[in-house]
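Undergrad:
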Amino acid sequence: VNALLDAAVDLAAREWSVLPLRPRGKAPLGALAPHGVDDATVDPAAVERWWRRAPTANVGLACAASGLVAVDVDPRHGGDDRLHELERALGPLPDTPRALTGGGGLHVLLAHPGGRVRGELAPGVELKAVGYVVAAPSVHPSGRRYEWDIAPDEAPIAPAPERWARAMAATDPRPATPADGAGEDDDPLLEIPPARYLERLAGVRVGRDGKARCPLHDDGTPSLHAYRDGRRGWYCYGCRRGGTIYTLAALLAGLRLPVRDAAFLTVQEELWREFYPEVFSA
Ligand SMILES: [Zn+2]
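Residue numbers (the working numbering): -16 to 265.
Here you go:
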């Protein structure tokens, strides 16, 4: 019995498009779904084939292809308080499938209200309308499983109530959040001090003054500054580039910025493997 295969088959039988994700990860399993969310399908034969080849693949649920939008609540950014405020202002969310994420968050699935949907309703309350979300019983990088709080068997997918639909409509040009992964959970990668990740990823020694030679354009001078405050960032005054651990990893890999969607998730997973290999021991 493979709970991940069963879940993927069950979702596909509901005409919800699924795709295989990396085991304990959020990035598409590139070997089976090289085009990421575009490879999502409701075809049960394809789904069985995928999970027979990769039995521990996590299950991605493609939002647009499934006609869904996921309200993605991240309590670590105050999302649960904001959700309560939204429910007081807009009325309660209906009974509809909802899942507890392995990272402590909540996904509430609603029928897509049509039109363009904004990326965020409030801090910590994002809307995922394109891309995909990780579905239960996938395993979060932390090792915890995603679990249905209200399973699709217990409640059909509900339309967004009218006031919610109005609040969800895009009023600015910011696109919807492209994919699950970024910013969904408290991100331990962003807690790693720059001196540590600069040395580990680029072999750069950071001096006591926080300065280092830049691995991206080295001209022999200590032009790179590692911030020692809560920003956990770096900046090079020589090549005028800087950012987070993600920016550094992407630039070292020769990727163009900004790194989005599948490329971002790939960078993220590689960083997880580098800094938290124990998560991937299974
Ligand atoms: Zn530089």
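Yeah, the Cβ is synthetic: ideal placement off N, Cα and C, and Gly gets one too.
Everything numeric in this text was worked out from a predicted model, so none of it was measured.
What does a CB cutoff of less than 6 Å around Arg99 pick up in its chain, not counting 5 residues either side in sequence?
TA: For the purposes of this step, residue 99 is identified with residue 116 of the sequence shown, where counting begins at 1. Contacts found: Ala153.
Undergrad: Under 6 Å Cβ to Cβ from Ala119, same chain only, skipping five residues before and after it: list those, please.
TA: Within the sequence shown, the letter at position 136 stands for residue 119. So the qualifying residues of the chain are Ala82, Tyr129, Glu130 and Trp131.
Undergrad: Hey, would you say Gly87 sits closer than 8 Å to Pro106, going by beta carbons?
TA: If you number the sequence shown from 1, residue 87 lands on position 104. If you number the sequence shown from 1, residue 106 lands on position 123. Not a contact, by the Cβ cut-off of 8 Å.
Undergrad: Strictly by DSSP, which residues pair up with Val(-8)?
TA: Looking up residue -8 in the sequence shown gives position 9. DSSP, once it has assigned bridges, lists no residue as partnering Val(-8).
Undergrad: Quick check on Gly164: does DSSP put it in helix, strand or coil?
TA: If you number the sequence shown from 1, residue 164 lands on position 181. Caution applies to Gly164, whose pLDDT of 43 falls short of 50 and renders its modelled position unreliable; the model cannot decide the point.
Undergrad: Three-state secondary structure (DSSP) at Glu(-2)?
TA: Counting from 1 along the sequence shown, the entry for residue -2 is found at position 15. The answer is coil: DSSP assigns Glu(-2) none of H, G, I, E or B.
Undergrad: In three-state terms, what does DSSP make of Tyr220?
TA: If you number the sequence shown from 1, residue 220 lands on position 237. In the structure shown, Tyr220 sits in coil (DSSP, three-state: anything other than H, G, I, E or B).
Undergrad: Kindly indicate the opening and closing residues of the alpha helix (DSSP H) around Asp136.
TA: Residue mapping note: residue 136 aligns to position 153 of the sequence shown, counting from 1. From DSSP, Asp136 is part of no alpha helix (DSSP H); its letter is neither H nor E.
Undergrad: Going by DSSP, what residue range makes up the alpha helix (DSSP H) through Ala178?
TA: For the purposes of this step, residue 178 is taken as the residue at position 195 of the sequence shown. Its alpha helix (DSSP H) spans residues Pro177 to Ala185.
Undergrad: By Cβ distance, which residues of its chain are closer than 8 Å to His1, with the 5 residues on each side in sequence left out?
TA: As a working mapping, residue 1 is identified with position 18 in the sequence shown. First, the amino acid is wrong: residue 1 is Val here, not His. Counting only Cβ-Cβ distances below 8 Å, and skipping sequence neighbours, we find Ala(-9), Leu(-6), Ala(-5), Ala23, Thr24, Val25, Val30, Val42, Gly43, Leu44, Ala45 and Ala118.
Undergrad: Below 8 Å CB to CB, which residues in the same chain sit around Leu73 once its five sequence neighbours on both sides are set aside?
TA: Taking the first residue of the sequence shown as position 1, residue 73 is located at position 90. Counting only Cβ-Cβ distances below 8 Å, and skipping sequence neighbours, we find Pro144, Arg146, Trp147 and Ala150.
Undergrad: Sorry if obvious, but does the Cβ on His18 come closer than 7 Å to a heavy atom of ligand 1?
TA: Locating residue 18 in the sequence shown gives position 35, where the first residue counts as 1. Result no, Cβ not under 7 Å from ligand 1.
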